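A short write-up of the structure that comes next.
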Amino acid sequence: RRFGALAVCKDRHDGHMSSADRYAPPRTDVADIAAPDALLASRPRSVVWACALVLVSLAVSFIALLPAVDPPMPGEPAAMTALVWGMTAVATAVELWLLRCVWQRRNWARWLMVALIGLAIASNLSVLEEDWARAPVVAWLNIAALTLIAVAAGLLLARPSAQWFKGTTTIR
3 RRFGALAVCK
13 DRHDGHMSSA
23 DRYAPPRTDV
33 ADIAAPDALL
43 ASRPRSVVWA
53 CALVLVSLAV
63 SFIALLPAVD
73 PPMPGEPAAM
83 TALVWGMTAV
93 ATAVELWLLR
103 CVWQRRNWAR
113 WLMVALIGLA
123 IASNLSVLEE
133 DWARAPVVAW
143 LNIAALTLIA
153 VAAGLLLARP
163 SAQWFKGTTT
173 IR
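In our numbering, the protein residues as written are 3 to 174.
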């Protein structure tokens, strides 16, 4: 009788029988749930491309900003130039932090990034005509940056990205 109980216990523990295993709960590997590290490692390509496009857009925006910031005239305080560069530094820091949060699979960061991209597109489209009249090259660079972030927003809202952020799949 005792031998039969040990045999059942041995089968429940996948053949690993020792005196310490006797009171341990049965173990089973769950194949449909991956470890968190595996889920992060298997980002969909749409998320990877969206993050890359945001970074490229940031670089293009910096290039467009260089000729747009006028150097101070003689006798004029340099505060305005400092203010523009300070605001640019803060906006860049926020964008990079959000990008990092998106990369770490924070769904709220994805939605905030998409909302800020929408605001950036709306605000830049409102001054595009003025940019075009003043410096067509800057306008073209802004159009390129806006196009890149619009595509990035679309990629962040795509089905593979949405499923990855919800944690329901690990598709690439």
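A virtual CB, placed ideally from N, CA and C, is assigned to each residue, including glycine. Quick caveat: nothing in here was measured; it's all calculated off a predicted structure.
- Secondary structure at Gln165: helix, using DSSP grouped into helix, strand and coil.
- For the pair Ala122 and Ile151, the CB atoms are nearer than the 8 Å cut-off.
- C-alpha of Leu55 to C-alpha of Val153: approximately 8 Å in a straight line.
- The three-state reading of DSSP puts Val140 in helix, counting H, G and I together.
- When DSSP states are grouped into helix, strand and coil, Val129 belongs to the coil group.
- Every alpha helix (DSSP H) of 4 residues or more that sits fully in the stretch 47-127 is shown, in chain order, as 47-70 and 81-105.
- Look at the beta carbons and you see the stretch 103-116 touching the stretch 154-164: at least three pairs across the two are nearer than 8 Å.
- Contact between Phe64 and Asn109 does not hold, since the beta-carbon distance rounds to 28 Å and is not under 8 Å.
- When the Cα atoms are used, Ser125 and Arg29 turn out to be separated by approximately 57 Å.
- The C-beta distance from Ser163 to Val58 rounds to 18 Å, too long to meet the 8 Å contact threshold.
- Scanning Arg45, Asp133, Tyr25 and Leu68 for the CA closest to the CA of Thr90 turns up Leu68.
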